[in-house]
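Sequence order for the protein chains is A and B. Quick note: the first sequence uses the numbering used here, first residue 1, plus one each step. Quick note: the second sequence uses the numbering used here, first residue 115, plus one each step. Quick reminder that beta carbons are idealized off the backbone N, C-alpha and C, glycines included. So the structure is just underneath, and the comments pick up after that.
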Amino acid sequence: MKIKRIEFAEEITDVNNDNIDVLVENEDGYTYTIGVGTPQDLLEEMNQEKTNFVQPGTIMIIVKKLTKEIVTEAIQAYAEDDGYWLKLHQFADSIDISILNKLEAEHHKEREEF
Amino acid sequence: MIITLQFQKKEKPQESKNFDQDYRLNYQKKKKQSDEQCSLYEQNKAGIDELPDSSEFIYNLETKTAKKKLRNLWKNPQAKKEVLAGLARMDRGELVPRNQKDFKGFKTLKEIKLTRTRMLIQPGKNGAPDEILAIFMRRDLDDITSNFKNKYK
Chain A
1 MKIKRIEFAE
11 EITDVNNDNI
21 DVLVENEDGY
31 TYTIGVGTPQ
41 DLLEEMNQEK
51 TNFVQPGTIM
61 IIVKKLTKEI
71 VTEAIQAYAE
81 DDGYWLKLHQ
91 FADSIDISIL
101 NKLEAEHHKE
111 REEF
Chain B
115 MIITLQFQKK
125 EKPQESKNFD
135 QDYRLNYQKK
145 KKQSDEQCSL
155 YEQNKAGIDE
165 LPDSSEFIYN
175 LETKTAKKKL
185 RNLWKNPQAK
195 KEVLAGLARM
205 DRGELVPRNQ
215 KDFKGFKTLK
225 EIKLTRTRML
235 IQPGKNGAPD
245 EILAIFMRRD
255 LDDITSNFKN
265 KYK
């Protein structure tokens with residue numbers, strides 16, 4: 001997938017410890033909103049929320065530092081080929097459970113046949 | 115457009131929980147008293163009556179885009195659950211710092227960042243409750259930003 005624009009949708013408070021929304025526009029003019037954060041930010045989330053794990057539904061690209069260069073590099077990697085991983089980040093929270101159940105059933109059947 | 119009686123911002127209980135055996139009971143009483151100190155605020159919930167009332171905030175989803183995005187979000191059970199939980203935390207004043215940011219490109223708006231959803235807030239002035247201007251899926255951020263450009267500062 002070809003990327004036309006990458007724009008940080010918010011100011012970064014700490015390049016080592018933050019998460020931001022990044023707007024990614026493809027060549028057709030469609031804009032994805034991708035969460036990008038650092039490992040330290042995930043640790044902070046668990047500390048602030050007093051949990052031992054990151055909450056389900058946290059769909060985020062993890063980078064070492066929130067610099068324009070690194071984020072661009074990561075987005076380009078996720079957009080490679082047909083942009084599967086970028087699209088998954090955009091729509092993961094809206095995939096109907098029936099699709100996952102179907103995949104699970106197919107895999108289950110495949111294992112039984114093996 | 116829904117008009118409801120809305121309340122002045124409640125004062126948080128100041129007493130130490132250790133010295134107040136009836137803390138919960140007293141808190142409920144105080145909340146009720148606070149809720150009774152009504153003043154008239156106009157609310158716009160975009161037809162989603164399940165959105166809970168609070169003395170901390172009111173809803174003012176006035177743009178067509180904001181209404182549409184909320185209605186879309188409401189069709190997603192997990193997103194809806196997340197928003198209701200987030201609103202409950204806001205009502206109790208329990209949002210953590212990482213949930214709140216200035217909204218880039220706007221001088222007065224704040225963004226509430228939940229996991230997969232976002233809210234835009236106009237902080238209340240002089241004790242007035244905060245106004246929730248938009249509640250939307252993260253992926254709708256660009257549409258909302260464009261829509262709000264000429265409407266809010």
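**OP:** Could you tell me whether any Cβ in chain B is nearer than 8 Å to the Cβ of residue 72(A)?
**Re:** Not closer than 8 Å to any Cβ of chain B, the Cβ of residue 72(A) fails to qualify, so no.
Subject >> Of the residues 79(A), 16(A) and 38(A), the one placed nearest residue 24(A), counting alpha carbons only >> reply: Ranking 79(A), 16(A) and 38(A) by Cα distance to residue 24(A) puts 79(A) first.
Subject >> Interface residues of chain B facing residue 58(A) [CB-CB closer than 7 Å] >> reply: Going along chain B in sequence order, the residues near residue 58(A) (Cβ under 7 Å) are 229.
**OP:** Alpha carbon to alpha carbon, how far is residue 41(A) from residue 235(B)? Give it in angstroms, no decimals.
**Re:** Rounded to the nearest angstrom, the two C-alpha atoms are 23 Å apart.
**OP:** Specify whether the segment 6 to 22 of chain A and the segment 251 to 265 of chain B touch according to this definition: at least 3 beta carbon pairs, one from each stretch, less than 8 Å apart.
**Re:** In this structure the segment 6 to 22 of chain A touches the segment 251 to 265 of chain B; the number of beta carbon pairs closer than 8 Å is three or more.
Original post:
Under a three-way DSSP split, which group does residue 165(B) fall into?
Top reply: It is coil, neither helix nor strand.
Original post:
Can you tell me whether DSSP reads residue 55(A) as helix, strand or coil?
Top reply: Residue 55(A): coil per DSSP, three-state reduction.
Original post:
Nearest-angstrom Cα distance between residue 162(B) and residue 185(B)?
Top reply: About 7 Å.
Original post:
Got a sec: does the ligand NAP put a non-hydrogen atom nearer than 7 Å to the Cβ of residue 233(B)?
Top reply: Only the bare structure without any ligand can be found here, which leaves the ligand NAP out of the picture.
Subject >> Secondary structure, beta strand (DSSP E): runs of 3+ residues fully inside the segment 181 to 265 of chain B >> reply: Listed in chain order, the beta strand (DSSP E) elements of length 3 or more contained wholly in the segment 181 to 265 of chain B are 214 to 216, 224 to 227, 231 to 236 and 244 to 251.
Subject >> DSSP state of residue 132(B) mapped onto helix, strand, coil >> reply: A caution first: residue 132(B) carries a pLDDT of 47, below 50, which makes its placement in the model unreliable, though a value can still be read off. Of the three classes helix, strand and coil, the one that applies to residue 132(B) here is helix, per DSSP.
**OP:** Using a cut-off of 8 Å between C-beta atoms, extract the partners of residue 35(A) located in chain B.
**Re:** The contacting residues are 252.
Subject >> Alpha-carbon spacing of residue 197(B) relative to residue 206(B), whole angstroms >> reply: Between the alpha carbons of residue 197(B) and residue 206(B) lies a distance of about 14 Å.
Subject >> Selection from 35(A), 15(A) and 29(A) that minimises the alpha carbon distance to residue 4(A) >> reply: Of 35(A), 15(A) and 29(A), the residue nearest in Cα terms is 29(A).
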